[in-house]
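*Asks:* Following this message is one structure expressed as structure tokens.
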Amino acid sequence: MSTELVAGVLVGAIIGWLLDRWLGISPWGLIVFLLLGFAAGVLNVMRAAGVVRDQSDRLEPK
Amino acid sequence: MAANDPIHQFQIIDLFPVTKIGTSEIVFTNSAAFMFAAVIIITAFLVIGTAKRALVPSRLQSAAELSYEFVATTVRSTAGSEGMRFFPFVFTIFMFILTLNFIGLIPYTFTVTSHIIITAALAITVFLTVLFYGLYRHGLHFFNLFVPKGVPVLILPLIVFIEVLSFVSRPISHSVRLFANMLAGHITLKVFAGFIILMGSAMGTVGWLGGILPFSMIVILTALETLVAFLQAYVFAILTCIYLNDAIHPGH
Chain X
1 MSTELVAGVL VGAIIGWLLD RWLGISPWGL IVFLLLGFAA GVLNVMRAAG VVRDQSDRLE
61 PK
Chain H
63 MAANDPIHQF QIIDLFPVTK IGTSEIVFTN SAAFMFAAVI IITAFLVIGT AKRALVPSRL
123 QSAAELSYEF VATTVRSTAG SEGMRFFPFV FTIFMFILTL NFIGLIPYTF TVTSHIIITA
183 ALAITVFLTV LFYGLYRHGL HFFNLFVPKG VPVLILPLIV FIEVLSFVSR PISHSVRLFA
243 NMLAGHITLK VFAGFIILMG SAMGTVGWLG GILPFSMIVI LTALETLVAF LQAYVFAILT
303 CIYLNDAIHP GH
């Protein structure tokens, strides 16, 4: 379950860092996406714990 | 020092060059050799095991049937009977990881799954399969995955961003879990093994006798590692099923 949190933060950090490099907006991309990634990581953990519903529940039958 | 270096076991050794693509050389490594060995072992196990098709199965046939039943039950219970179309995929992944993990337990072998590039490649394959099959099956409707209901429009973009990041982070946690477990377990074993040599060479007879302590620890840890080897292959397979379930089932 700990990997879930780390994975979220890591993805946020990578995306933020890449955006910084491509758009030259350092350090704002890293700051914003690190925070978003942390939120995503917490969401991952809560999903793993069964507190939040799965994403797949949102797909209604056609 | 090499004998006492717990990281040494993870070294990739070039066996012979295969071809050259651009400037990078494609080399047949010990990692590739062990992967080939695993594929051969699995194929032999299943082909020889199911060759006789006896009504009263031999030990090997029973083991082959057991492995099929085990994975089939896992797929059915997590992804439903419709998920069975992915059974070959899940079974391949499970058997491949399980065999590689078990091969790695034998001393002097190489543990392929302790390299993140291998587990990441497997996890990304699963991720892309889920993504493309979901898009193929549900079309753009699939992106509803990221849009929760009943959220004020003002903060919806923020939530969608977080949901997308959560989705993208799945292959990372998926691959790191297997890789970290195998890496940590094997390093622990080698560190404890190193203690025996250290104590023996430092303190003579007393040291060698004291070496019984870390040695008994290795025995216990090896049993634990056997469990972990199986468990992590199972966890990888069951998470694959859960992710595939996202792509297959619209709502519950």
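Protein sequence lines correspond, in order, to chains X and H.
Position 57, counted from 1, in the first sequence is what my numbering calls 57; the numbers after and before it change by one each time, with no gaps.
Position 148, counted from 1, in the second sequence is what my numbering calls 210; the numbers after and before it change by one each time, with no gaps.
Glycine included, every Cβ here is placed at the ideal spot set by N, Cα and C.
Note that the structure is a prediction, hence the values are computed from the model and not measured.
#1: When burial is assigned at 16 or more other CB atoms within 10 Å of the CB, is H236 of chain H buried or exposed?
#2: Roughly how many angstroms lie between the CA atoms of R21 of chain X and F298 of chain H, to the nearest whole one?
#3: Report yes or no: is there a C-beta of chain H within less than 9 Å of the C-beta of D20 of chain X?
#4: Report the three-state DSSP secondary structure of K82 of chain H (helix, strand or coil).
#5: Excluding five sequence neighbours on each side, which residues of the same chain lie with their C-beta closer than 7 Å to the C-beta of T181 of chain H?
#6: Where DSSP assigns a beta bridge to T91 of chain H, which residues make up the other side?
#7: When DSSP labels each residue in this structure, what does D20 of chain X get in the three-state scheme?
#8: DSSP on F194 of chain H, reduced to helix/strand/coil?
#9: From S124 of chain H to A116 of chain H, what distance separates their C-alpha atoms?
#10: Could you tell me whether the Cβ atoms of A141 of chain H and F148 of chain H are closer together than 9 Å?
#11: To the nearest angstrom, report how far apart Y130 of chain H and F33 of chain X are at their CA atoms.
#12: Threshold first: 4 residues or longer. Then list the alpha helix (DSSP H) segments lying entirely within the segment 145-189 of chain H, N to C.
#13: Could you tell me if D76 of chain H is buried or exposed, where buried requires 16 or more neighbouring beta carbons within 10 angstroms of its beta carbon?
#14: Apart from the five residues on each side of it in sequence, which residues of its chain come closer than 7 Å, Cβ to Cβ, to F164 of chain H?
#15: Thinking F78 of chain H and F90 of chain H are a contact (beta carbons under 8 Å), I'd like their distance in whole angstroms, please.
#16: Just verifying my parser: in three-state terms, what is the DSSP assignment at V13 of chain X?
#17: Can you tell me whether K62 of chain X is buried or exposed? The criterion is at least 16 other CB atoms within 10 Å of its CB, across all chains shown.
#18: Under three-state DSSP, which class holds G212 of chain H?
#19: Would I25 of chain X pass as an interface residue toward chain H - the criterion being a Cβ-Cβ separation below 9 Å?
#20: Could you work out which residues of chain H lie near L10 of chain X, taking near to mean beta carbons separated by less than 8 Å?
#21: So R138 of chain H contacts chain X; which residues on that side make the cut at Cβ distance below 9 Å?
#22: Between the segment 202-217 of chain H and the segment 25-32 of chain X, can you find at least three pairs of beta-carbon atoms closer than 8 Å?
#23: With a threshold of 16 other CB atoms inside 10 Å of the CB of T302 of chain H, please say whether the residue is buried or exposed.
#24: Leaving out five residues before and five after L128 of chain H in sequence, what residues of the same chain have Cβ atoms less than 7 Å from its Cβ?
#25: Measuring alpha carbon to alpha carbon, tell me which residue in H:R199, H:G273, H:G266 is nearest N307 of chain H.
#26: Tell me, please, whether the CB atom of L193 of chain H is closer than 9 Å to any CB atom in chain X?
#27: Apply the 10 Å Cβ neighbour rule to G247 of chain H and answer buried if 16 or more other Cβ atoms are within range, or exposed otherwise.
#28: Applying the criterion that 16 or more other CB atoms from any shown protein chain within 10 Å of the CB defines a buried residue, is T173 of chain H buried or exposed?
#29: Using a 10 Å radius around the Cβ and a threshold of 16 neighbouring Cβ atoms, would you call Y170 of chain H buried or exposed?
#30: Looking at chain H, is there any beta carbon in it that lies within less than 9 Å of the beta carbon of V51 of chain X?
#31: Taking C-beta pairs closer than 9 Å, name the residues in chain X that F148 of chain H reaches, listed in chain order.
#32: Assuming contact is defined by CB atoms lying nearer than 9 Å, are I258 of chain H and W270 of chain H in contact in what I supplied?
*Replies:* This is what the structure gives:
#1: buried
#2: 34 Å
#3: It does not; no Cβ of chain H falls within 9 Å.
#4: strand
#5: T175, S237, L240, F241
#6: H:D76
#7: Three-state DSSP puts D20 of chain X in a helix.
#8: helix
#9: 10 Å
#10: yes
#11: 43 Å
#12: 149-167
#13: Counting Cβ neighbours within 10 Å, D76 of chain H comes out exposed, since fewer than 16 surround it.
#14: A291
#15: 5 Å
#16: Note on identity: in this sequence residue 13 of chain X is Ala, with Val being the wrong assignment. A13 of chain X falls in the helix class under three-state DSSP.
#17: Because K62 of chain X sits at a pLDDT of 43, beneath the cut-off of 50, its placement in the model cannot be relied upon, and the following sentence gives the value as read from the coordinates. Its Cβ having fewer than 16 others within 10 Å, K62 of chain X is exposed.
#18: In the structure shown, G212 of chain H sits in coil (DSSP, three-state: anything other than H, G, I, E or B).
#19: no
#20: S231, I234
#21: Ordered by position in chain X, no residue passes the 9 Å Cβ test against R138 of chain H, which lies about 17 Å from the chain.
#22: The segment 25-32 of chain X vs the segment 202-217 of chain H: no contact.
#23: buried
#24: Take L128 of chain H, set aside five residues on each side of it, and no residue of its chain has a beta-carbon closer than 7 Å to its own.
#25: H:R199
#26: no
#27: So G247 of chain H ends up on the buried side.
#28: buried
#29: exposed
#30: no
#31: Simply none; closest approach about 15 Å.
#32: yes
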